[in-house]
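Residue numbering for the sequence shown follows the numbering used here, beginning at 516 and increasing consecutively.
Ideal Cβ positions, reconstructed from N, Cα and C, are used throughout, including at glycine.
Just so we're clear, the structure is a prediction, and the values are computed from it rather than from any experiment.
Here is the structure we will look at.
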Amino acid sequence: MNFERIKTRIYLFWRYFTKWFLFKLFMRYYWIEWILPFHVINLAFGVLTYVYFAQSFQSSSAFYQQYGGDFLSFLILGVMLNSLLSYTLDAYRLATLSLFRTRLGSGGQQMGVYDYLKLSGTPLSSHILAEVLDGYLEELISLLVYLLVGLLIGLKIQGGSYTTAILGILLGLLATTGIGLISASMITIIGAWKGVEPIRWLVGLLNGLVSGVYFPVEVLPKEIQDVSLLLPQTYTLKIVRLALLRNFGIGELMPEFAVLLSMAFFLFSIGIILYKYSIDLLKVKTFTE
Numbered sequence: 516m517n518f519e520r521i522k523t524r525i526y527l528f529w530r531y532f533t534k535w536f537l538f539k540l541f542m543r544y545y546w547i548e549w550i551l552p553f554h555v556i557n558l559a560f561g562v563l564t565y566v567y568f569a570q571s572f573q574s575s576s577a578f579y580q581q582y583g584g585d586f587l588s589f590l591i592l593g594v595m596l597n598s599l600l601s602y603t604l605d606a607y608r609l610a611t612l613s614l615f616r617t618r619l620g621s622g623g624q625q626m627g628v629y630d631y632l633k634l635s636g637t638p639l640s641s642h643i644l645a646e647v648l649d650g651y652l653e654e655l656i657s658l659l660v661y662l663l664v665g666l667l668i669g670l671k672i673q674g675g676s677y678t679t680a681i682l683g684i685l686l687g688l689l690a691t692t693g694i695g696l697i698s699a700s701m702i703t704i705i706g707a708w709k710g711v712e713p714i715r716w717l718v719g720l721l722n723g724l725v726s727g728v729y730f731p732v733e734v735l736p737k738e739i740q741d742v743s744l745l746l747p748q749t750y751t752l753k754i755v756r757l758a759l760l761r762n763f764g765i766g767e768l769m770p771e772f773a774v775l776l777s778m779a780f781f782l783f784s785i786g787i788i789l790y791k792y793s794i795d796l797l798k799v800k801t802f803t804e
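The structure is reproduced here in structure tokens:
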């Protein structure tokens, strides 16, 4: 009996996930036609802004020598990674909110996605994962635009340790996913659907200043540098930059990897626990959107 129930839930999950994800892909046609061209131009002009910003600084500064002395490459990599990690912080919260804000209609009747999934016995995770994956698809397009424009204007990553960089990115994504799940859980635990979610707000506030997105952490006062050590983005950015710009391997970056791995394990575990608890609260709490 339990086996049949599991099979049914897997079937319902897969049916809804594929239909909703394919629907989102179909809607991407309009996004590609009406939004992507302007999005590409905005990103290209943004990168050019960073180029002139970089030219206004002396890339020979001692702070940049540990990253190869190339401020432009330092900056573009930081912006690209920050975009990816920032989306990861938001992904599950936005997907969870869409359960209540997205409506399905047929024959003049409308129903919220959450109500439809509960009535049909479909796991909520099918909608959430489809939304998250669709967002990553858009983020991937943005990253490719950043990369292509960056390569055209002087981004230099030849000869880098790509395996090390990819491993650093994966651990960074796992850690920020943990924070994102904690943030998403606040929707039901503290009622953060009403406005600003404080955990995401605080991490976003600190990230731009202290994690090293736009300038090396070493330029900050010692007290603020200590704060930067609490963010997984700090270690992710350092690992990827040193791997791609200085060809550092895993062995040379072992201290950073050790901390990032610990953060990823801890944050992701806590995130899963809190998010599951928050979903369980939906059974006993009522939300009005």
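Proximity to residue 578 across 528, 610, 729 and 616 peaks at 729, based on C-alpha coordinates. Classified as exposed, residue 552 has fewer than 16 neighbouring CB atoms from the shown chains inside 10 Å of its CB. A Cβ-Cβ separation of about 7 Å places residue 702 in contact with residue 608 under the 8 Å criterion.
Contact between the stretch 785 to 799 and the stretch 708 to 718 is not established, with fewer than three Cβ pairs separated by less than 8 Å. With 16 or more other Cβ atoms inside 10 Å of its own Cβ, residue 699 counts as buried. The continuous alpha helix (DSSP H) containing residue 699 extends over residues 677 to 704. Contact between the stretch 780 to 794 and the stretch 626 to 633 is absent: fewer than three C-beta pairs spanning the two stretches fall below 8 Å. No residue range can be given for residue 637, since it is assigned to no alpha helix (DSSP H) and is classified by DSSP as neither H nor E. Counting along the chain, residue 585 sits inside no alpha helix (DSSP H), nor does DSSP assign it H or E at all.
In this structure residue 550 is exposed. Its beta-carbon is surrounded by fewer than 16 other beta-carbon atoms within 10 angstroms. In the DSSP assignment, residue 714 falls within the unbroken alpha helix (DSSP H) covering 713 to 725. The beta carbons of residue 662 and residue 595 sit about 7 Å from each other, so the pair counts as a contact at 8 Å.
For the pair residue 773 and residue 693, the CB atoms are not nearer than the 8 Å cut-off. When DSSP states are grouped into helix, strand and coil, residue 731 belongs to the coil group. For residue 532 and residue 793, the gap between their C-alpha atoms comes out near 21 Å. Contact check for residue 720 against residue 742 fails: the beta carbons are separated by 8 Å or more. With a threshold of 16 other beta carbon atoms within 10 Å, residue 691 meets it and is buried. Taking C-beta separations shorter than 6 Å and ignoring five residues to either side along the sequence, the partners of residue 704 in its chain run 793, following chain order. Residue state for residue 736 is assigned as coil, using DSSP reduced to three classes.
In terms of Cβ geometry, residue 727 and residue 593 form a close pair [threshold 8 Å]. If you draw a straight line from the Cα of residue 535 to the Cα of residue 767, it comes to about 44 Å.
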